[in-house]
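So the sequences go chain by chain: L and C.
All residue numbers in the first sequence are consecutive under the working numbering, ending with 694.
All residue numbers in the second sequence are consecutive under the working numbering, ending with 694.
We put the CB at the ideal spot given by N, CA and C, even for glycine.
These numbers come from a predicted model, not from an experiment.
Remarks on the structure that follows.
Protein chains: 2
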Amino acid sequence: MQKNPMRLSKSLFVTLREEPAEAEIPSHKLLLRAGYIRRIGSGLYAYLPLMWRVLTKVRQIVKEEMDATGAQECLLPQLQPAELWQQSGRWDTYTQAEGIMFAFTDRQKREVALGPTHEEVVTAVARDLIKSYRQLPQHLYQIQSKFRDEIRPRFGLMRGREFIMKDGYSFHADAESLKATYNDMHDAYCKMLTRCGLKYRAVDADSGAIGGSGSQEFMVLAAAGEDDVMFTADGEYAANVEKAVSLAPEAVASPFTSYEIKDTPNTNSIDKLVKFLECDRTSIVKNLIQQAVYDNGKTVLVLISIRSDREVNQVKLTNELVKLAPNYGAKTVIALEVPDGVAIDKWASKPLPLGYIAPDLSDEYIQSSPNVHPQFLRIVDETAASLTNFITGTNEPGKHVVGANWNTNFPIPAVKVDIQKALVGDRAIHDPTQVLETARGIEVGHIFQLGTKYSQAMGATFTNEQGEEQPLVMGCYGVGVSRLAQAAVEQSYDKDGIIWPVAIAPYHAIICVPNIADAQQMEVAERLYSELNQLGVETILDDRDERAGVKFKDADLIGIPFRIVTGRSLKDGKVEVVQRATKQSQDIAVENVGATIKDWIGN
Amino acid sequence: MQKNPMRLSKSLFVTLREEPAEAEIPSHKLLLRAGYIRRIGSGLYAYLPLMWRVLTKVRQIVKEEMDATGAQECLLPQLQPAELWQQSGRWDTYTQAEGIMFAFTDRQKREVALGPTHEEVVTAVARDLIKSYRQLPQHLYQIQSKFRDEIRPRFGLMRGREFIMKDGYSFHADAESLKATYNDMHDAYCKMLTRCGLKYRAVDADSGAIGGSGSQEFMVLAAAGEDDVMFTADGEYAANVEKAVSLAPEAVASPFTSYEIKDTPNTNSIDKLVKFLECDRTSIVKNLIQQAVYDNGKTVLVLISIRSDREVNQVKLTNELVKLAPNYGAKTVIALEVPDGVAIDKWASKPLPLGYIAPDLSDEYIQSSPNVHPQFLRIVDETAASLTNFITGTNEPGKHVVGANWNTNFPIPAVKVDIQKALVGDRAIHDPTQVLETARGIEVGHIFQLGTKYSQAMGATFTNEQGEEQPLVMGCYGVGVSRLAQAAVEQSYDKDGIIWPVAIAPYHAIICVPNIADAQQMEVAERLYSELNQLGVETILDDRDERAGVKFKDADLIGIPFRIVTGRSLKDGKVEVVQRATKQSQDIAVENVGATIKDWIGN
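In structure tokens form, the structure reads like this:
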């Protein structure tokens, strides 16, 4: 399939010597300089022939691993009727609140959108085709260009407005069947990335706007990654920093063993309090107020108690607040923030004892208003919940309590959850002898256990073994194909250019003819070109009328794994073969070159 | 690549017994009924797994034939910035006049469009990358979904709003190089269609809105085709009816050998005149007025002289008028029509002698007006130009002339062209012993010699051998991949369902197990399923818990070329093999089935 060879003299092959001004990160610069891509508009790229070969190889690997799991390839329309998104309830969020979807009207004035994802369309197909548990499970996938109207498209193919994705959707009779497919997908994704020659980590992830319960991201490790990954050295744990859990350092025993209110003048910060009381931060419970706005317009004030050496992870907190949405007659949270003085004045009935707030701050501080819930939502992080004899505020400026205990001195909040940020050096949950490390990653895959969110909203049901109608249980699984290709470059380059992993390199080998006027050089080059391609070693012939130096520079820049030079060593019946990654060079007899490289590429 | 097999019991396979109400033509009905496609919205279809396999096979054949010509595959963005279309001058036509392009604004309020075609984008790429004649020729192609905001989407994949195309664009230093690639494309397209197992004709075509000089269409012959094709039995000539040329029947010698004005009362139609004069229609020159509106708003009145047994081909006439546009300070024709009485009254200075018009009708009939050109554009069709001693009007009601001759009696119009409609039974130009026949066809491919239309408008130039800057000479070549797949069905089906050509069938064979509770039937079926797929005979196993009749009906409906039944003949160590196309059935020893079918599919 990838057979057609390439003579550079006859190809649209143009490299740039200068650094392209439009690019910020190395992989983007290199793909532009090496002639893989060209910018057509903001976040829009032409994939030139070399790039298309890389993408085709990635697609093929993805396809093979998907097919091996029994998933069936299909193709869904990119243009999607608004009705489907209205049925799922995502039309407004995607077209207005986040505005990430290109939406417009057709000549009949019907609203349509360009798919950033296909849960709605595939659920409509399943609703139409799946009637009985006997048809389950099913798994459809496609490889296709997706569209996102990004606020700030950047980093080339990393965050474009049009990009290639593999997206798959599975349908199940129950959560157990979903879990089995989800696990198969985890394994398939690991195989794909391994076959692509990438260093990666599968990490626990937040499910975000897609929704559902469990999810994992697949991160290609690279310094320019946009995501922070936390992991343990034993390989047993890895998570996106947004989702990471850990054991906070053990708390130092509180120096105060009996309850007492102390005068603590000028201690409105934890630093000042620690200094004043000569205590450890781990003995103090800090109490913070955040302000959540639900989708029904209601503002809820959240009073958080957390150990004073820890920070709140806003993503974890948001997820907890979303779970509580039904309590406030809402579906989701649309904003969460730490209120400043101006924001506080809008709802506070009197000045708050900032810096001295206690876990039992009275609801009387909330002014009566139709848009503001009249009670604090009290949440305690597990780090604070487990403390004894702790120090905390009194709601009275200049005073703290010491030696306090939950329920004895303060009622413990009903909502007791993990909302702390995991930090480098924290102990791991699965094994406290392991500590969390951090790395930068590029998200190239994401798998989700969606559950019944879409099937319920869109009425995609089946009849179970008992004859009852039930919503389909769904999973969804995405790979950023074009992003993955660029991530491979971001992970593997040097000062001279790209170093492609062999499995996704556009070609395996490039034959550089130092002097095309030399008949022997050309004759050997042509012979090898034909022989290697026949052997399945995909080979380019650089037969351009250029200096040898230019050819070597270009070969390094485009990153072909093996460079064959029909130069000086021809007198001994040999050619020079240089490995791009290591720059190691060796002379190999012309008749052995094919077999040697075929062996190296494992083909 | 097409290896992954399929157990129907585990696949999303749903056929319909009823005729789908939404479909008008057989292929559309069959693709819906057989579970190949599902409608998602107006002109938008989901390609389900079986369909995707057909499309993948067509794509692969197209790719292989394109690669074999040296064309390089790439992928251009579907989302296109308006600037490019403004540079080519097509933005207004595509978004307003015809409105066929989906256009909208992004979040930054920039105008963008969804590509119905990619001349603009690829010319921008060429402008960026091609500088010198030494880089020429080049040919880039892609296989991708295109979009058209059709007024009336219909016939399933035939005229959808989103459809898969192969589009290629070549760049040349001169017309000769373009012609060579154009000819290569003609041959490649013939190979593609032959490999796909289709009956087709390559026909001379009108270039339409794409522009340029020569063009050919590739028509899959089928009764439900939207196009009329004219051809000769020797295979030497074929053309779209819009473009077809022919020799009109030889004119009968005029009975009037000397010039005379005759009273011919009540002969304002050719029929009446023929009866009155007892002459042949081929002796009469009829003179017609048409009304052309150019893009600068100017109306030009066209006085056409044509032999009275022939009709005007409006497409040919329009093309001639476009060529003459510069004479009227215009670029193109935006409307051409036969004026009715109301329309004539708008420009006529006095009543026209309708039914008696002569080739020299005076320009005085045209009333002076800034929007109307003051002179008739006089055009003579070749059928009339070659007549002698002809009969025609006198501009005086009730009178005709007979025995008239050009230049003796009437000045012959300067514009002497072929604008006659070719008719079934006409003699062919290349060989007058051949006569034109007609057939209905579905256009699945179109190749164009574009010339410099886009490169000139967009400033895509190169430096030629003489160091001069010149616009790139371009060709473009399209195949409707999804349309081709449906056209194959339209060409090949029977009352029971689809009959796929082997090369593009989703699978080669289907094993139907009449009774899955019969251990021997299942055992043989499983063995053959595994063996055939390993041999490269792509095989489905129908292991559903359904009656044998249902399975046979479904197998016929989905059109798999070979059906293997593990039924009664098992007692003799044989299975029944039925050929879908011929319904011929034979019993084949189990151990020979693989080799036999492998041989039949030519694999």
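From residue i to residue j, what distance separates their C-alpha atoms?
i	j	result
T373 (chain L)	Q178 (chain L)	49 angstroms
D431 (chain L)	I380 (chain L)	10 angstroms
V684 (chain L)	R574 (chain C)	46 angstroms
Q93 (chain L)	V153 (chain L)	With a pLDDT of 42 at Q93 (chain L), under the threshold of 50, the predicted position of this residue should be treated as unreliable, though the coordinate-derived value follows. C-alpha separation (whole angstroms): 15 angstroms.
K644 (chain L)	V668 (chain L)	15 angstroms
D436 (chain C)	I520 (chain C)	41 angstroms
Q625 (chain C)	V515 (chain L)	52 angstroms
N486 (chain L)	K366 (chain L)	20 angstroms
E528 (chain C)	T474 (chain C)	20 angstroms
I601 (chain C)	L123 (chain L)	48 angstroms
G247 (chain C)	L170 (chain C)	24 angstroms
S399 (chain L)	T186 (chain L)	40 angstroms
A279 (chain L)	Q233 (chain L)	15 angstroms
V471 (chain L)	G569 (chain L)	35 angstroms
A551 (chain C)	L135 (chain L)	20 angstroms
K642 (chain C)	L648 (chain C)	10 angstroms
R659 (chain L)	I607 (chain L)	13 angstroms
Going along chain L, which residues have a C-beta under 8 angstroms from residue i?
i	result
K101 (chain C)	G161
F246 (chain C)	None at all; the shortest Cβ gap to chain L is about 16 angstroms.
R44 (chain C)	A query on residue 44 (chain C) cannot be resolved here, the shown segment of chain C reaching from 92 to 694 and no further.
Would you give the residue range spanned by the beta strand (DSSP E) that residue i belongs to?
i	result
Q511 (chain L)	Here Q511 (chain L) belongs to no beta strand (DSSP E), and DSSP marks it neither H nor E.
G571 (chain C)	V564 to G571
M256 (chain L)	E253 to H263
D354 (chain L)	E351 to D354
P172 (chain C)	L170 to P172
D636 (chain C)	No beta strand (DSSP E) contains D636 (chain C), which DSSP labels as neither H nor E.
V666 (chain C)	K665 to Q670
L427 (chain L)	V424 to E428
M321 (chain C)	D318 to T323
V311 (chain C)	S306 to L312
R531 (chain C)	L527 to G542
State the start and end residues of the unbroken alpha helix (DSSP H) segment that holds residue i.
i	result
G696 (chain L)	Because chain L is modelled from 92 through 694, residue 696 (chain L) falls outside the range shown and cannot be assessed.
K282 (chain C)	A266 to R286
T358 (chain L)	First-last for T358 (chain L): undefined, no H or E at that position.
K290 (chain C)	Element bounds for K290 (chain C): n/a, residue is neither H nor E.
I679 (chain C)	Taken as a continuous stretch (DSSP letters only), I679 (chain C) belongs to no alpha helix (DSSP H), being part of the beta strand (DSSP E) at S676 to A680.
Identify the contact partners of residue i in chain L, using a Cβ-Cβ distance below 9 angstroms as the criterion.
i	result
I131 (chain C)	L167, P168, L170, Q171, P172, L175, V212, A215 and V216
W143 (chain C)	Q163, E164, C165, L166 and Q233
Interface residues of chain C around residue i at Cβ under 9 angstroms?
i	result
D265 (chain L)	In chain order: nothing, as chain C lies at least about 17 angstroms away.
Is any non-hydrogen atom of the ligand GDP found closer than 6 angstroms to the C-beta of residue i, if you look at the structure I gave you?
i	result
M310 (chain C)	This structure simply doesn't include the ligand GDP, nor any ligand for that matter.
List the residues of chain C that residue i touches, going by C-beta distances under 7 angstroms, in chain order.
i	result
Y136 (chain L)	P168
L123 (chain L)	Going along chain C, no residue has its Cβ under 7 angstroms from L123 (chain L), so there is no contact; the nearest lies around 11 angstroms.
Run through chain L and tell me which residues come within less than 7 angstroms of residue i, C-beta to C-beta.
i	result
F553 (chain C)	The contacting residues do not exist; F553 (chain C) stays about 12 angstroms from chain L at best.
Residues of chain C with a CB under 8 angstroms from the CB of residue i: which are they?
i	result
I242 (chain L)	R198
Q178 (chain L)	Per Cβ cutoff of 8 angstroms: no residues; Q178 (chain L) is ~13 angstroms from chain C at best.
Open item on the list: Measuring CB atoms only, is the region 551-561 of chain L touching the region 229-239 of chain L, in the sense that at least three cross pairs come out at less than 8 angstroms?
Closed with: no
- [ ] Evaluate contact between the region 501-513 of chain C and the region 361-375 of chain C, counting only Cβ atoms and requiring at least three cross-stretch pairs below 8 angstroms.
- [x] no
Task: Touching by the beta-carbon criterion (3+ pairs, under 8 angstroms), the region 194-201 of chain C and the region 122-133 of chain C - done: no
TODO: Please determine if the region 246-265 of chain C and the region 206-220 of chain C are in contact, where contact requires at least 3 C-beta pairs separated by less than 8 angstroms.
DONE: yes
- [ ] Mind the definition here: the region 649-663 of chain C touches the region 675-691 of chain C only if three or more C-beta pairs lie below 8 angstroms; say whether that holds.
- [x] yes
- [ ] Give a yes or no on contact between the region 404-419 of chain L and the region 351-361 of chain L, applying the rule of three or more CB pairs nearer than 8 angstroms.
- [x] no
- [ ] Please go through the region 435-510 of chain L and give each complete beta strand (DSSP E) segment of 3 or more residues, from N-terminal end onward.
- [x] 468-472, 481-484, 490-495 and 506-508
TODO: Determine contact between the region 632-650 of chain L and the region 659-667 of chain L, defined as no fewer than three beta-carbon pairs at a distance below 8 angstroms.
DONE: no
Open item on the list: Please give me, in chain order, every unbroken run of the alpha helix (DSSP H) with length at least 4 that falls completely inside the region 94-172 of chain L.
Closed with: 117-124 and 140-159
Task: Three CB pairs or more closer than 8 angstroms across the region 582-600 of chain L and the region 142-149 of chain L - done: yes
TODO: Taking 8 angstroms as the threshold, find out whether the region 325-332 of chain L comes into contact with the region 571-588 of chain L through three or more Cβ pairs.
DONE: no
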